[in-house]
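Per my numbering, the very first residue in the sequence shown carries number 13; after that it's consecutive. Ideal Cβ placement from N, Cα and C applies to all residues, glycine included. Here's the structure we're looking at; comments come further down.
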Amino acid sequence: MNILEIKNLEVSVKTIDGNVKILRDVNLSIGENEVVGLVGESGCGKTMTARSIMKLLPENTKIDKGEIFLQGEDIVKKDEREMRKIRGGKISMIFQEPSSYLNPVFTVGSQIEEAVKGIRDKRERRERVYKILEEVGLDRSIYFRYPHQLSGGMQQRVMIGMALVNNPSLLIADEPTTALDITTAHMIIELLKKLMNSHRVSILFITHDISLSVYFSHRIAVMYGGKIVEISHSSEIFKNPLHPYTERLIACLPERYRKGEKIKAIEGEVPDFKSLPPGCPFNPRCPYKMKICEEREPEERKVGKSIVRCFKYGNTVEN
Ligand SMILES: Nc1ncnc2c1ncn2[C@@H]1O[C@H](COP(=O)(O)OP(=O)(O)OP(=O)(O)O)[C@@H](O)[C@H]1O
Ligand code: SF4
Ligand SMILES: [Mg+2]
C-alpha cells in the first residue's frame with residue numbers, strides 16, 4: 013500500500029477579487045520507503061501541497077475537493093483533534109528556517125522531549141531524546157543548549173530529530189537545505205538519506221533545485237501553476253525530460269550539471285493564479301505551443317513509466 017495517495021486535490025484562496033484556485037487536480041503517490049521530490053519555481057504551489065497534507069493551511073485557504081489518503085485513511089475528512097494526533101505522529105514536517113520553529117527560551121532537548129508521544133516515564137522520554145540526538149549526529153550535551161547557541165546546520169539536525177522522534181511514516185521536508193551553505197546542505201541530505209533507511213520513513217522532498225532533487229529522490233514530480241505537470245523516475249528525468257517546462261528547468265541548471273552547455277533562463281513570467289492563460293498554463297512560455305494549447309488544458313497522460321500533462325503526447329488519459 014502507498015504511504016500517501018493524493019487524488020484530485022483542489023485548494024483555493026479567498027482574495028478581495030473572489031476565490032482563486034491555487035492547487036488544481038493534484039495527483040501524487042508516495043510508496044513505502046520512497047523519496048519523492050516536488051520541484052518547481054517559486055509560487056507554483058509546493059508549500060500549499062505540503063500544508064494540505066498536514067492540514068495546516070492558512071486561514072483564508074481551503075481544500076475544495078479531493079482526497080489525501082495516509083496509509084489508506086482519508087485525512088481530508090479528519091477533524092482538528094484527530095489531526096493533532098497524526099501530526100508529529102504519522103506525519104511530520106521540517107522547514108527551511110529551523111530557527112523560526114524552535115522556541116528561543118527553552119533548551120532544544122526539552123523541545124524534542126515535548127514532541128515525544130506515547131511515553132509517560134520521564135527517564136524513558138529523556139533516553140529517547142538522547143538516542144535521537146545521537147542519530148542526527150549531535151552529542152547528548154546538546155540537550156541543554158538553547159537554539160541560539162547552535163549553528164543553522166545543528167538547528168536543522170534538531171528539527172530532523174524532533175520530526176523523527178515518533179517514527180513517522182511520512183516526513184515532509186520543505187526546502188530543508190535552502191538556508192544552509194552548500195557543505196552543510198550536503199551533510200543534511202546525507203543524514204536524511206541515512207535516517208530514511210534506518211527509520212524506514214517515506215519522504216516528500218520539496219525544493220526548487222531539480223538537481224538536488226534528482227540526487228536524493230527516487231521519483232520527481234514537477235509542479236507548474238498549481239498542477240503537477242510531470243512525474244518521472246529520477247534516473248530518467250535528466251536523460252529524457254517529457255514536459256517542456258521540465259526541459260527548461262534542466263536547461264537552466266548551472267553548467268556543472270550539464271557539461272559544455274550554457275545556462276539559460278526560462279523566458280516569461282511565473283503565472284499569476286488570478287489570471288492564468290486559457291488552455292495550458294505554460295503556453296505563454298512554451299516553445300512547442302500549438303493551437304490546442306490555448307484552447308484546452310492537457311489531461312494527465314501516461315508515457316512509459318512517467319505521467320505528463322502536455323499535448324505533445326496526445327490529449328487523453330491512457331491507463
Ligand atoms: N495565505 C495566502 N493567501 C493568499 N495567497 C497565498 C497564501 N499562501 C500562498 N499563497 C499563494 O499561493 C501560491 C502558491 O504558494 P506556495 O507557498 O505553495 O508556493 P511555493 O511553490 O512553495 O513557492 P516557494 O518556492 O517560494 O516556497 C503563491 O502564488 C502564493 O502567492
Ligand atoms: S500543452 Fe502545449 S503549451 Fe503546454 S507544455 Fe505542452 S506543448 Fe507546451
Ligand atoms: Mg514554499
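- In this structure, T59 has its beta carbon less than 7 Å from a heavy atom of ligand 3.
- With 16 or more other CB atoms across the displayed protein chains lying within 10 angstroms of its CB, Q167 is buried.
- Its chain contains no residue whose beta carbon lies nearer than 6 Å to that of S287 once the 5 sequence neighbours on both sides are disregarded.
- When distances are taken from the beta-carbon of K317 to the heavy atoms of ligand 2, even the shortest one reaches 7 Å or more.
- V120 is the residue among R132, V141, V120 whose C-alpha sits nearest the C-alpha of Y158.
- DSSP, read as helix, strand or coil, puts I201 in helix.
- Only buried fits L216, as 16 or more other CB atoms lie within 10 angstroms of its CB.
- Counted as a single uninterrupted DSSP element, the stretch harbouring A185 is not any alpha helix (DSSP H) but the beta strand (DSSP E) occupying residues 182-186.
- In the DSSP assignment, I80 falls within the unbroken beta strand (DSSP E) covering 73-82.
- Counted as a single uninterrupted DSSP element, the alpha helix (DSSP H) harbouring Y113 occupies residues 110-113.
- Counted as a single uninterrupted DSSP element, the stretch harbouring K286 is not any beta strand (DSSP E), since DSSP gives it neither H nor E.
- In this chain, the beta strand (DSSP E) harbouring Y236 covers 231-236.
- Using a Cβ-Cβ distance cut-off of 8 Å, the stretch 83-99 and the stretch 248-257 are not in contact, since fewer than three pairs of beta carbons, one from each stretch, lie closer than that value.
- By the C-beta density criterion, P188 is buried, having at least 16 other C-beta atoms within 10 angstroms.
- Rounded to whole angstroms, Y113 and N39 show a C-alpha spacing of 29 Å.
- For N178, the closest C-alpha among the options R212, L203, I194 is that of R212.
- By the neighbour-count criterion, in which a residue is buried when 16 or more other Cβ atoms sit within 10 angstroms of its Cβ, Y236 is buried.
- Residues I278, E279, G280 of the same chain have their beta carbon placed closer than 7 Å to that of R297, with the five preceding and five following residues left out of the count.
- The shortest CA-to-CA distance from T196 to any of G164, L21, I184, R260 is the one to G164.
- For ligand 3, no non-hydrogen atom lies closer than 7 Å to the CB of D221.
- For the pair H245 and N20, the Cα-to-Cα distance works out to about 21 Å.
- Annotation for R260: I278 place their beta carbon closer than 7 Å to its own, counting only its chain and skipping 5 residues before and after.
- Annotation for G165: the continuous alpha helix (DSSP H) segment containing it runs 164-176.
- DSSP places I28 outside both helix and strand once states are collapsed to three, so it counts as coil.
- In the DSSP annotation of this structure, M60 is not part of any beta strand (DSSP E); the continuous alpha helix (DSSP H) holding it starts and ends at 58-66.
- Taken from the Cβ of N252, every heavy atom of ligand 2 lies 7 Å or farther away.
- In this structure, E311 keeps its C-beta atom at 8 Å or more from the C-beta atom of G291.
- Taking 8 Å as the cut-off, the beta carbon of I103 is found closer than this to the beta carbon of M66.
- In terms of Cβ geometry, E242 and V320 form a close pair [threshold 8 Å].
- Residue range 239-245 is occupied by the beta strand (DSSP E) that includes K239.
- The distance from the Cβ of I184 to that of M105 is about 4 Å, consistent with a contact at the 8 Å cut-off.
- In the three-state reduction of the DSSP assignment, T219 falls in the strand class.
- In this structure, the straight-line span from the alpha carbon of R313 to that of S153 is close to 53 Å.
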